[in-house]
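In the numbering used here, the protein residues as written are 71 to 155. The beta-carbon is built from N, C-alpha and C at its ideal position, and this holds for glycine as well. Before any comments, here is the structure.
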């Protein structure tokens with residue numbers, strides 16, 4: 071589902087943005103630049119996935135339900151206990 075991918079890409083973009091910010095503080099400008107590029111690519115991918123979702127989800131209620139489910143799935147996947155039975 072496109073909302074799952076959008077959420078995942080936004081998480082990646084947020085992570086790379088934070089790394090870039092930290093690299094600037096450390097004076098590692100080249101690494102900051104690299105992470106800025108990857109953050110932008112992830113944000114662009116999220117935008118593309120959201121554009122698809124806009125065509126698939128017909129009502130605000132449907133979008134809300136699908137969005138909540140996407141976030142819950144992503145949180146479960148990212149949980150440190152997700153791989154444990």
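Under the three-state DSSP convention, the category residue i falls into
{"i": "residue 155", "result": "In this prediction, residue 155 has a pLDDT of 45, which is less than 50 and means its spatial position is unreliable; what the coordinates show is noted afterwards. DSSP places residue 155 in coil when its eight states are reduced to three."}
{"i": "residue 150", "result": "coil"}
{"i": "residue 127", "result": "coil"}
{"i": "residue 97", "result": "coil"}
{"i": "residue 83", "result": "helix"}
Whether residue i touches residue j by CB criterion (8 angstroms)
{"i": "residue 76", "j": "residue 120", "result": "yes"}
{"i": "residue 102", "j": "residue 87", "result": "no"}
{"i": "residue 111", "j": "residue 73", "result": "no"}
{"i": "residue 116", "j": "residue 80", "result": "yes"}
Anticipated Cβ contact below 8 angstroms, residue i with residue j, distance rounded
{"i": "residue 127", "j": "residue 78", "result": "The pair is not a contact, with the Cβ atoms about 17 angstroms apart (cut-off 8 angstroms)."}
{"i": "residue 106", "j": "residue 90", "result": "5 angstroms"}
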